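Residue numbers (the UniProt record's numbering): 1 to 445.
Cβ atoms here follow ideal geometry from the backbone N, Cα and C, with glycine treated the same way.
Just so you know, these numbers come straight off a predicted model, no measurement behind them.
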Amino acid sequence: MGREASLLAARGLPRGGLRDRLRPRALADRVREPRPGSRIARSVGRARSRGVGGPPMTGLAIEAATEHVEVLVMGEEGEPLAHEVEDVGHGHTRRLAPLVARALAHARVRPKHLSWVAADLGPGSFTGVRVGLATAHALALVAGSELCGASSLAALALASGVRRSLVVPLVPAGRRDLYAGFFRADSRGNVYVLAAPRVAPIEELLGDVREAHVLVPGSAVRFVGPGAPRVAEILERAYPGSTGSGWRHGGLSALDLARAARSDRGPAAGLPARGAAFRALYVRPAQAEERVRRRVNAAEPTQIRELRTTDLGEVAAVEREVFSDPWPESFFARELGTPLIYARIAEREGRLAGYSVAWLGHGTGHLGNLAVVPGMRRRGVARALLEDLMARARAIGVEDITLEVRVSNFAAQWLYRAHGFRLAGLRRGYYRDTGEDALVMEWRP
């Protein structure tokens, strides 16, 4: 575990060997397969039986995340058969279906002959992302084909062709705001997601860029995507030469989307795992949805209490459901008897909603595990557990808390950032199941 493990051991926290066995995680977001027997599951199954993951087969890519819309039909060897492009403004609902029909007609391909359908998962226009996903979903059901997707940011980063760089895709987000992604490109041009996307004015985003750049020392900074031209002067002042490639300044590309969505790179590159269910990446929720969620959460407060030995059976069951590398019940039992442990249970209406395990003492702390019962997510459970931990840390004079989180676990990163955690390090290839990096995040009161 390197320098941090030595520091923690010196301060009396769990030693490196123990930490290696723990492989701490926080706020895992379990990726679910389609329900067996559902129409989606049967569609995906038929697509897999035709060889999805082998040589490319005829497919359709719908790039509708911005006002610039592209529909691409690709042949069995990956060659473009038809490519429709139109700037639709706010007319996604009215214009997308005719563009899809025209592309299929020009390619002389019937919907039932499509082996895969790809959609942009966002971020971008709320309407464009939703209409694009709904259209792709409908086509996949009709054709019995694979439904796949990639975020606009990942598609831009993976197609950028840069090396030894911090790659920052920018997509317009309305008014002065931009969506920004954070990826690292190695010396071979392989691209990996580095941190969760952000949305803010460019002046604020540049602070995030500086923070991310520290994690990849010696790398250049490259801004790509349709959001870059409008702030190019500001970007060039901060990072001279950073916009020189002009990559996709004119708009998002259905070809980039198709290649990213059909890639086997998976979560390490900021893409959905092949065959796994996925959802849109909005970065910021719709205001109406957020207001409703907050009212519901306020009406049903979360209660926090000590994690007891009598809770271990239920906790271990949730652990096995949520994590791909669960801690055994015996480990929880052992740790509850150690002097530095701070383990808590979250309950809603008297039922287990989540739990956390941390170590606090000698002026420092480490959050090793924070889990929320799948049916209790987006109800403020994780926030309540985290705020309880931070309150305890302040009360006993803890000067910092660290944690590791998957680079693809955007929801956890947004939560931690909202509570003052900042990027502090990168552990490459830390998670063995997906090959993902781990972000080290740190909080100081």
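By Cβ distance, which residues of its chain are closer than 7 Å to P272, with the 5 residues on each side in sequence left out?
G149, F278
Per DSSP, the bridge partner or partners of L352
E347
Since P445 and R394 should fall inside the 8 Å C-beta cutoff, what is the C-beta to C-beta distance between them, to a whole number of angstroms?
5 Å
With H, G and I counted as helix, E and B as strand and the rest as coil, what does DSSP make of L114?
coil
Provide the residue span of the beta strand (DSSP E) that contains D177, from first to last.
177 to 185
Apart from the five residues on each side of it in sequence, which residues of its chain come closer than 6 Å, Cβ to Cβ, to G225?
L156, P169, L170, V171, R248
Residues bridged to Q303 (per DSSP)
E347
How would you label Q303, buried or exposed, when you count the other beta carbons within 10 angstroms and need 16 or more for buried?
exposed
Bridge partners - H419, DSSP secondary structure assignment:
Answer is none; H419 lacks a bridge partner.
Going by DSSP in three states, L336 sits in which element: helix, strand or coil?
coil
Can you tell me where the beta strand (DSSP E) holding T402 begins and where it ends?
400 to 406
So for D264, helix, strand or coil by DSSP?
coil
Report all residues from its chain with a CB closer than 8 Å to the CB of E300; omit the five preceding and five following residues, and keep chain order.
R348, E349, R379
Touching by the beta-carbon criterion (3+ pairs, under 8 Å), the stretch 107 to 118 and the stretch 58 to 68
yes
Keeping to the same chain, check which residues put their C-beta closer than 6 Å to that of A185; ignore five residues upstream and five downstream.
V162, R163, S165, V167, V191
Whole angstroms is fine: what's the gap from A412's alpha carbon to V193's?
15 Å
Return helix, strand or coil for L439, following the three-state DSSP convention.
strand
Length of the line joining the Cα atoms of L367 and G354
14 Å
Tell me the start and end of each unbroken alpha helix (DSSP H) in the stretch 183 to 234 that is at least 4 residues and wholly inside, in chain order.
202 to 213
A220 and L158: beta carbons closer than 8 Å?
no
Quick one: grab the DSSP three-state call for W327.
coil
Over the uninterrupted beta strand (DSSP E) stretch that includes T310, give me the two end residues.
Per DSSP, T310 belongs to no beta strand (DSSP E) and is neither H nor E.
Which residue wins for smallest C-alpha separation from L205, given the options G218, S324, F223?
F223
Which residues in the same chain as G313 place their Cβ atom closer than 8 Å to its Cβ, once the five residues preceding and following it in sequence are excluded?
E329
I need the DSSP call for L426, collapsed to helix, strand or coil.
strand
How long is the line joining the alpha carbons of H362 and I401, rounded to whole angstroms?
12 Å
Would you identify the three-state DSSP class for G365, choosing helix, strand or coil?
strand
What number of angstroms, rounded off, separates the C-alpha of D437 from the C-alpha of S242?
25 Å
Between the stretch 92 to 106 and the stretch 126 to 146, do at least 3 Cβ pairs fall closer than 8 Å?
yes
By how many angstroms is the C-alpha of P80 removed from the C-alpha of P98?
19 Å
Apply the 10 Å Cβ neighbour rule to T364 and answer buried if 16 or more other Cβ atoms are within range, or exposed otherwise.
buried
Under the three-state DSSP convention, the category L158 falls into:
helix
Between which two residues does the alpha helix (DSSP H) carrying L60 extend?
Where L60 is concerned, there is no enclosing alpha helix (DSSP H), although the beta strand (DSSP E) it sits in stretches over 59 to 63.
What would DSSP say about W414, mapped onto helix, strand or coil?
helix
Supposed contact pair V373 and V318 - C-beta distance, whole angstroms, cut 8 Å:
6 Å
For H83, the nearest candidate out of S263, R265, V283, S253 (CA to CA):
S253
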